[in-house]
Structures are given as structure tokens and as C-alpha cells.
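In the numbering used here, the protein residues as written are 3 to 229. Just so you know, even glycine gets a beta-carbon here, dropped at the ideal spot from N, CA and C. Owing to the predicted nature of the structure, the values given are computational and were not obtained by experimental measurement.
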């Protein structure tokens, strides 16, 4: 299970900048904290820090919680990553989801895929405060998690069941107590990303992209430099 979680989190943070091209059209127009002008990086284009630390692509993480009426709520979050083998971290501002987390202390995490692009984007467009039945409106169904106090969305074939460890200064840390996967996305008993077909958020182009083919072996492709 631990190896599978690592594989899934590998879609999280590939470093590449994608920001507004108009932020630094003129040299030295941006300043650092000490009010010194930024210098041009040779052979590159500066974007300043108008949207600093933008990493792309980012996983399209779907967070499901119960509201006070035990109605399931789902939101999309892009700023998510893995802390260790059993803990994840998600950056969240104030949402209905955060209110639900405070009440239940639990949530599930799933991953948007090619089959659920429209529904997943919808869950990011509308607030459960305004549309309490948005899960039903999207045509999605759910079951209660048997391990944490949160719903599992049936249409997402991979789900992490999590309990809240802490939520301070907008940073949610959750402990993964179980991971379950539909048989349709397994190969030889392991989660197969080519079957899951997860999507990622491209912050540069403001679009969703498919996770592509394997291009190398983790902890293997670089061994040629060890010769």
C-alpha cells in the first residue's frame, strides 16, 4: 500500500513556472523583500513573484466530507502533496469543506480522471454552501467510509480514507488510514495509472492534462551514471 501511495503522489509536484507573461516585461521592474530590483536571469524570462511558487502540473485532488446534514460535499484542490508514507498535506482557504472537517475530523481523497473531467471541474466551480446537493446534481453516488467519518464517491475508482491530524494556518495534514481501489484500475494487484487515467492541473495554461506514458524506471533510469 505504501508503494502505491508514493506512486500516486508522484503526480504532485514537478517544478516548472507558469505565470502571467506581463508581470515582468521590463527589466528590473520587480523588487525583492529588501527593495532591491530583481536582476534578469541569463537566457531566461523573469516572471517575478506575482504568482510565486507555482508548480505545474498539480494533482486534481477531490476532497469529500459530510456536512451537518450528512449530505456529501466534494471540492477540488490542486495544492496537495505527500509528507511521508501515510500522511498528506493540502493547502485550503475557508470553504464548506473546512467547516465539515472541523465537525467530523475526517475526509476522503480521490483523484479526478479523464472520465470525470466535467464533474470534477464542476465540484471546483461551485460551493456546497450555495449548492448543497452538487454531488447529486453531477450524477455521482456515494457510500459511507467504513473507516473514517466521511463519504466515498463511487465514481472515483481510487480513494484514500483520511483522518485530520491538524489544520492550522490553512494547511491540512491528514493521516491515510486506508486506500481502496476498484478492480478496474488494477494490474497484478497494483494500481495502474494507465487504467486510472488521472488528470493534472496545468497552472500555466489553466487547463487539465492527462498523465502520459511511462518514460523511465524510478530508482533505475539514472543507474547508468553510476557505472
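| said: So for residue 137, helix, strand or coil by DSSP? | reply: helix
Item checked: Cβ contact check for the region 121 to 139 and the region 62 to 79: 3 or more pairs under 8 Å -> yes
Where residue 208 falls, given that 16 or more other Cβ within 10 Å makes a residue buried: exposed
Contacts around residue 119, its chain only, beta-carbon distance under 8 Å, and the 5 residues preceding and following it disregarded = 201, 210
- request: Determine the extent of the beta strand (DSSP E) in which residue 195 is found, giving its start and end residues.
  value: Not the beta strand (DSSP E): residue 195 falls in the alpha helix (DSSP H), residues 195 to 198.
Query raised in the report: Does the region 134 to 154 come close enough to the region 186 to 194 to have 3 or more Cβ pairs within less than 8 Å?
Result: no
- Query: Out of curiosity, what's the CA-to-CA distance linking residue 105 and residue 158?
  - Reply: 24 Å
7 Å Cβ shell around residue 190 - same chain, five flanking residues per side excluded: none
> To the nearest whole angstrom, what separates the beta carbons of residue 75 and residue 99, a pair I think is in contact under 8 Å?
Replying inline: 6 Å
- prompt: Whole-angstrom Cβ separation of residue 65 and residue 79, contact assumed at under 8 Å?
  reply: 6 Å
Check your understanding: Roughly how many whole angstroms lie between the Cα atoms of residue 1 and residue 206?
Key -> The question about residue 1 has no answer here: the residues shown for the chain are numbered 3 through 229.
What are the uninterrupted segments assigned as alpha helix (DSSP H) that are 4 or more residues long and contained completely in the region 60 to 110, given in chain order? 98 to 106
Handout entry: Residue interval of the alpha helix (DSSP H) (run including residue 125)
Key = 119 to 127
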